[in-house]
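Report on the following structure.
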Amino acid sequence: MPIGQLIRDLRLLKPWTQTQLAEQLAICAGDPTGAPGRDAVKRWETGKVIPGRHWIGHLSRVLGVPVEQLEAEATLDRVNRRAFLGLSALAVTHGALATEMAASIAGSDPVPLAQVQTTHGADIVTASLTDKAATANLRRWMLDGDVPILRVNAAGILAKLPGQGQADQVARVLAHDAEVRHLYMTAVTSRVCAVDWTTAGRIASQPAAYAHRADFLATRFAREALNPRDAGARWCSSVMLRELSPMIGRSPA
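Numbering (my numbering) for the sequence shown: 8 to 260.
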């Protein structure tokens, strides 16, 4: 998601006008009557300008979002302004890791995928390198892997295969494997809603506890429910929308 759209969504959650956000940033920067000004906020939100590191730090503090998330969004915007999250942009960041992962999958070695949950970007690049034989290995690990991390990583890569040929099987696993579902749901929530892993896990497990943020969360999941390259994210987002639907429109003004 472009950083400008993220800034706008988080601003509206407060809810602040562009002028109010600019005022909060100026106070945070120690110059209440100075920069950045409403025009700068408008340029950020419309994507005409990407905020620099100085303002990203202040945006993180004022909007309550991890600075790493904003920096990652800004970096990807700079790499490819016209194709956010395009494969070429992701390969710059995740290419080496994805190549190693693809080699281990092709060699029927599940160990690298059983160590730590992989990222959305790494999964997309790995999926682009996965052939028919490797897909069979991933399918077997998704269904019968010894540990949840292996199963969710296999599901994450299968969910992003070009053509979405494994979408139905990934959905069935998410529906019936509670451990994989929780890990996948947490990852999607953290990425889509720009929250830390712990908070994402809580939202995924108890969405009713975040009724005060239902409108914001529903907006983010509604967009992700249409993600054409991640069947797992579509499924998780649809489930979260179902859970949040009774609370939509009841968030405090």
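Note that CB positions come from ideal geometry on N, CA and C, so glycine has one too.
Relative to the alpha-carbon of residue i, which residue among the options has its alpha-carbon at the smallest distance?
| i | options | result |
| --- | --- | --- |
| GLU52 | LYS139, LEU66 and ARG241 | LEU66 |
| VAL132 | ARG146, ARG230 and MET108 | MET108 |
| ALA42 | LYS49, GLY54 and ALA29 | ALA29 |
| VAL74 | LEU19, ILE14 and THR106 | ILE14 |
| GLY239 | TYR191, TRP23 and ALA141 | TYR191 |
| LEU165 | GLY64, ALA185 and ALA140 | ALA140 |
| ALA178 | MET254, PRO214, SER111 and SER244 | SER244 |
| ASN4 | ALA207, MET149, LEU168 and ASP153 | This structure cannot speak to residue 4, because the chain is shown only from 8 to 260. |
| THR125 | ALA81, ALA194 and HIS189 | ALA194 |
| LEU157 | VAL187, SER252, ALA218 and GLY128 | VAL187 |
| GLY172 | ARG236, GLN12, HIS219 and ILE57 | ARG236 |
| LEU224 | ARG147, ASN234 and GLU250 | GLU250 |
Any idea what DSSP makes of residue i, helix, strand or coil?
| i | result |
| --- | --- |
| SER115 | coil |
| ALA90 | Because ALA90 sits at a pLDDT of 44, beneath the cut-off of 50, its placement in the model cannot be relied upon, and the point is left open. |
| GLN173 | coil |
| ASP16 | helix |
| ALA47 | helix |
| TRP148 | helix |
| ILE255 | coil |
| VAL159 | helix |
| ILE164 | helix |
| ILE57 | coil |
Looking at the unbroken alpha helix (DSSP H) that takes in residue i, where does it start and where does it end?
| i | result |
| --- | --- |
| ARG209 | 204-212 |
| TYR191 | 185-200 |
| ARG227 | 221-231 |
| ARG236 | First-last for ARG236: undefined, no H or E at that position. |
| GLY1 | Nothing can be reported for residue 1: it is not among the residues displayed for the chain, which extend from 8 to 260. |
| GLY128 | 127-135 |
| THR26 | 25-35 |
Under the assumption that residue i contacts residue j (Cβ atoms under 8 angstroms), give the Cβ distance between them as a whole number of angstroms.
| i | j | result |
| --- | --- | --- |
| VAL72 | LEU19 | Rounded, the Cβ-Cβ distance is 13 angstroms, inconsistent with contact. |
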